[in-house]
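Enquirer:
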Amino acid sequence: MLNRRAFLRLMTTLAVAGGGIAIYGSLIEPLFRLRVTRYAFTPLTWPKDLRLRLAIVADIHACDPWMSAERVTEIVDLTNSQGADCALLVGDYVATHKFQRQEPASAWSRALARLDAPLGVHAVLGNHDWWADEASMRRGEGLRDVGKAMQDAGLAVYQNDAVRLVKDGKPFWIVGLGDQIAFVPVRGWRHPRYGIDDLTGALTKVADDAPVILLAHEPDIFPSVPARVALTLSGHTHGGQINFFGWRPNVPSHYGARYAYGHKIENDRHLVVSGGLGCSIAPVRIGCPPEIVVIDLGAA
0 MLNRRAFLRL MTTLAVAGGG IAIYGSLIEP LFRLRVTRYA FTPLTWPKDL RLRLAIVADI
60 HACDPWMSAE RVTEIVDLTN SQGADCALLV GDYVATHKFQ RQEPASAWSR ALARLDAPLG
120 VHAVLGNHDW WADEASMRRG EGLRDVGKAM QDAGLAVYQN DAVRLVKDGK PFWIVGLGDQ
180 IAFVPVRGWR HPRYGIDDLT GALTKVADDA PVILLAHEPD IFPSVPARVA LTLSGHTHGG
240 QINFFGWRPN VPSHYGARYA YGHKIENDRH LVVSGGLGCS IAPVRIGCPP EIVVIDLGAA
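For the sequence shown, position 46 matches number 45 in our numbering, and the numbering has no gaps at all.
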């Protein structure tokens with residue numbers, strides 16, 4: 000049995016360890032461990048002679064002090080330095096939780112407008128971008144606040160729409176899906192949630208057989224994505240935001256940890272889920288450092 004001195008020593012050790020974890024999770028990892036995560040692969044339906052570099056920015060959750068406009072600018076500068084052909088933004092630009100004071104949309108959108116890529120910057124909205132705009136949720140339509148701020152800054156925002164691009168004389172498509180849980184009749188993941196996504200309608204706008212890249216904020220759509228789509232890009236999960244040696248206690252997905260993070264291949268279909276940059280629910284990251292994702296298609 001522990002004597003009093005040993006018990007106090009144990010309690011002190013646990014308190015110090017707990018304090019250290021709290022400082023690391025709320026300050027060190029979210030603010031100082033930004034990284035670039037790289038993938039190189041060639042999906043079955045992607046032309047092997049079409050080399051394309053993508054830079055993916057996800058889940059900024061702009062707020063003060065964890066994700067100020069100045070920090071977004073630093074992220075943009077690092078993204079620009081990757082030499083990507085396209086910069087792709089996959090949603091959740093605002094923070095909607097307590098502990099976080101929102102940054103004005105005009106500030107972070109101006110920072111994002113500094114993204115520079117030869118084939119442009121292409122974006123979709125995420126669930127928090129909708130939840131922050133109750134008027135749009137009541138109407139069941141629109142890109143009102145967040146989307147308008149981005150468009151005013153010169154950013155292309157897609158909602159069940161598609162654009163055809165050409166690299167080295169070879170075409171491909173980017174399809175942007177509407178958010179899958181845009182409308183929240185009752186808050187709480189176990190209650191029904193409804194989206195503005197229309198995968199079939201979006202894909203009908205692809206007018207030829209050139210390869211397709213799908214932007215979908217939540218990865219839960221992936222089982223329904225047809226083989227026609229070479230690559231699906233998502234965020235939303237933050238990698239679980241807390242990851243203890245592969246154990247992710249809270250992944251906001253109906254599929255649990257199946258699409259929590261990283262490069263997934265199912266039936267020759269490819270999905271990459273970014274761990275994102277900001278925080279949701281609480282400003283904590285442990286074992287899930289913020290990241291910019293860079294993908295080289297046709298390179299391996």
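Here a beta-carbon is modelled for each residue, glycine too, at the ideal position from N, C-alpha and C. Since the structure is predicted, the reported quantities are computational estimates derived from the model, not experimental observations.
Tell me whether the segment 229-239 and the segment 38-53 touch, counting them as touching only if at least three CB pairs, one residue from each stretch, are closer than 8 Å.
Expert: The segment 229-239, when compared against the segment 38-53, does touch it at the 8 Å Cβ threshold.
Enquirer: Do you know how far the Cα of VAL56 is from the Cα of ASP91?
Expert: Spanning the two alpha carbons is a distance of roughly 10 Å.
Enquirer: Let me check understanding here. Comparing Cα to Cα, which of TRP246, LEU53, ASP219 and LEU88 lies closest to GLN179?
Expert: Of the listed residues, the one whose Cα sits closest to GLN179 is ASP219.
Enquirer: How long is the line joining the alpha carbons of LEU202 and ALA112, rounded to whole angstroms?
Expert: Whole-angstrom Cα-Cα distance: 27 Å.
Enquirer: Out of ASN266, VAL271 and ILE241, which has the shortest C-alpha to C-alpha gap to PRO288?
Expert: Checking every option, the nearest Cα to that of PRO288 belongs to ILE241.
Enquirer: Assign TRP246 to buried or exposed, taking buried as 16 or more other Cβ atoms, counted over all protein chains shown, within 10 Å of its Cβ.
Expert: Its Cβ having fewer than 16 others within 10 Å, TRP246 is exposed.
Enquirer: Sorted by chain position, which residues of the same chain lie with C-beta nearer than 8 Å to VAL123's C-beta, five sequence neighbours on each side aside?
Expert: Hits under 8 Å: LEU88, VAL89, GLY90, VAL156, TYR157, GLN158, GLY175, LEU176, GLY177, ASP178, LEU214, ALA215 and HIS216.
Enquirer: Does TRP246 come out as helix, strand or coil in the three-state DSSP assignment?
Expert: DSSP places TRP246 in strand when its eight states are reduced to three.
Enquirer: Could you tell me which residues DSSP puts in a beta bridge with TRP172?
Expert: Answer is ARG163 and VAL211.
Enquirer: Taking Cβ positions, are ASP63 and GLY275 nearer each other than 8 Å?
Expert: For ASP63 and GLY275, no; Cβs fall outside 8 Å.
Enquirer: Just verifying my parser: in three-state terms, what is the DSSP assignment at GLN150?
Expert: Helix.
Enquirer: Give the range of the alpha helix (DSSP H) segment to which LEU300 is assigned.
Expert: Not covered by the structure: residue 300. The range shown for the chain is 0 to 299.
Enquirer: What residue range does the alpha helix (DSSP H) around SER80 cover?
Expert: Looking at the DSSP string, SER80 is not in any alpha helix (DSSP H), and its letter there is neither H nor E.
Enquirer: What span of residues does the beta strand (DSSP E) with HIS262 cover, start to end?
Expert: First-last of the beta strand (DSSP E) with HIS262: 261-265.
Enquirer: Please report the residue range of the beta strand (DSSP E) in which ASP48 lies.
Expert: Segment: none, ASP48 is in no beta strand (DSSP E) and carries neither H nor E.
Enquirer: If you count every other CB in all the chains shown that lies within 10 Å of the CB of ASN266, and 16 or more means buried, which is it?
Expert: ASN266 is exposed by the Cβ-count criterion.
Enquirer: To which residues of the same chain is ARG137 closer than 6 Å at the C-beta, ignoring the five residues directly before and after it?
Expert: No residues qualify anywhere along the chain.
Enquirer: What is the residue span of the beta strand (DSSP E) that ASP295 lies within?
Expert: Element bounds for ASP295: 290-296.
Enquirer: Mind checking PRO210: buried by the 16 CB within 10 Å criterion, or exposed?
Expert: Burial call: buried.
Enquirer: Kindly list the residues whose CB is nearer than 6 Å to the CB of LEU118, restricted to its own chain and excluding five residues on each side of it in sequence; keep chain order.
Expert: Excluding sequence neighbours, LEU118 sits near ASP84, CYS85 and LEU164.
Enquirer: By alpha-carbon positions, which one of LEU296, ALA134, ALA281 and PRO282 ends up nearest to VAL271?
Expert: The shortest Cα separation from VAL271 among LEU296, ALA134, ALA281 and PRO282 belongs to LEU296.
Enquirer: Please name the residue in ASP76, PRO251 and ARG100 whose C-alpha comes closest to that of ARG34.
Expert: The option with the nearest alpha carbon to ARG34 is ASP76.
Enquirer: Report the option in GLN81, ASP115 and ASN126 whose CA atom is closest to the CA atom of ALA94.
Expert: That would be ASN126, whose Cα lies nearest to the Cα of ALA94.
Enquirer: Using three-state DSSP, classify SER273 as helix, strand or coil.
Expert: Coil.
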